[in-house]
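Scroll down for the structure; my scribbles are underneath it.
Chains as they are written, first to last, in the numbering used here: chain A, 9 to 87; chain W, -17 to 255.
Structure, rendered in structure tokens:
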């Protein structure tokens, strides 16, 4: 089984990863509001229409760019 | 929101090992992405004067994808980067970024070395909980005894026995799920550099619905793996998915978001187990 980054599951994981994790710096020099509750609140609304957005092409550019790099990874959803 | 006003700042996507490579890409809102180099490190940034915050779902989503896209590009150019959380902004100009890189160089370099040639993958295993419940009901001696007693009981006793039956069934099911998740964690962990059990932690924003809301998740993991380890994990997942009651989702490669450290050595804001 090969991993995929081009379907809806992958998008959900990506959004989760970018918002919930990643290195966090706490120093005077750094400004951040990316604490989870704040972003999470907005994201709840943001994700409601994710599939619709995919259909309407919002993700296409990103998707295509990354599909090229992962052309073998299509359809890794195994029942 | 506090402390959002500043004159000049640098939005920080990631820090990567320095190299000769250049990076020509645009980031959030098509801002030109630049490299700031210091102490053998490359910070991937763009100039900004405010934090990124919006009520618009579309904008937020575009930002997240743009953020990830830049980190991906940096990864291709420089090797595994240390990705920063969305909306991390360094106050000041390039000199401020250089000072920060210099001050943190030892820790940043150590972390980058540990992550080199490794990427993050996410594994979600969905099981057929109804089938597991049926099996427990058919095979657990205590459950069967309770069921028999319940059939012969008067109404009040029947109510109590039903409660006991359900409590035991729920507990057995939970024990079974935990045992299978632990077994999976051990097997997967044996193939990967590192594994984090994401447990029942909901994914950010997932609680708004979606087609998969009603699936029964057996386990979720983030694994850190080299290419060889990824192959091994994939083979293992083929075995796991061979069970008709099991569905496996395997995504990546992602920058090692889950395996990045807290750089202040303070509180854990990433909810890792």
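Beta carbons: idealized from backbone N, C-alpha and C, even for Gly.
Interface flag for residue 66/W against chain A is set, since a Cβ pair is found closer than 7 angstroms. Inter-residue distance for residue 243/W and residue 68/W is about 15 angstroms (C-alpha atoms, whole angstroms). Residue 26/W carries a strand assignment under DSSP once its states are collapsed to helix, strand and coil.
Identification of chain A residues near residue 240/W by a Cβ-Cβ cut-off of 8 angstroms yields 25, 29, ordered along the chain. Residue 142/W is classed as exposed because its beta carbon has fewer than 16 other beta carbons within 10 Å across all chains shown.
Excluding residues up to 5 positions away in sequence, 42 lie with their Cβ nearer than 7 angstroms to the Cβ of residue 36/W in the same chain. In the DSSP assignment, residue 20/W falls within the unbroken beta strand (DSSP E) covering 16 to 20.
In the pairwise beta carbon analysis, the region 163 to 180 of chain W is classified as not touching the region 135 to 153 of chain W: fewer than three pairs are separated by under 8 angstroms. For the pair residue 6/W and residue 221/W, the Cα-to-Cα distance works out to about 42 angstroms. Ranked by how close their Cα comes to the Cα of residue 81/W, the residues 230/W, 48/W, 126/W, 22/W have 22/W in first place.
As computed with DSSP, residue 104/W is found in a beta bridge with 204/W, 233/W. By the criterion of a C-beta distance shorter than 8 angstroms, residue 78/W is surrounded in its chain by -8, 72, once the five residues flanking it on both sides are discounted. Beyond the five residues adjoining it in sequence on each side, residue 169/W comes within less than 7 angstroms, by CB distance, of 218 in the same chain, given in chain order. For residue -9/W, the enclosing beta strand (DSSP E) starts and ends at -9 to -1. In the DSSP assignment, residue 64/W is bridged to -3/W. When secondary structure is reduced to three states using DSSP, residue 221/W falls in the helix class. The C-beta distance from residue 197/W to residue 103/W rounds to 19 angstroms, too long to fall under 8 angstroms, and the pair is not in contact.
In this structure the region 119 to 134 of chain W does not lie against the region 227 to 234 of chain W, because fewer than three pairs of beta carbons, one per stretch, are closer than 8 angstroms. Nearest in C-alpha terms to residue 16/W, of all of 33/W, 40/W, 55/W, 46/W, is 55/W. Within the region -8 to 24 of chain W, no residue has its Cβ closer than 7 angstroms to any Cβ of chain A. In the three-state reduction of the DSSP assignment, residue 199/W falls in the strand class, which pools E and B.
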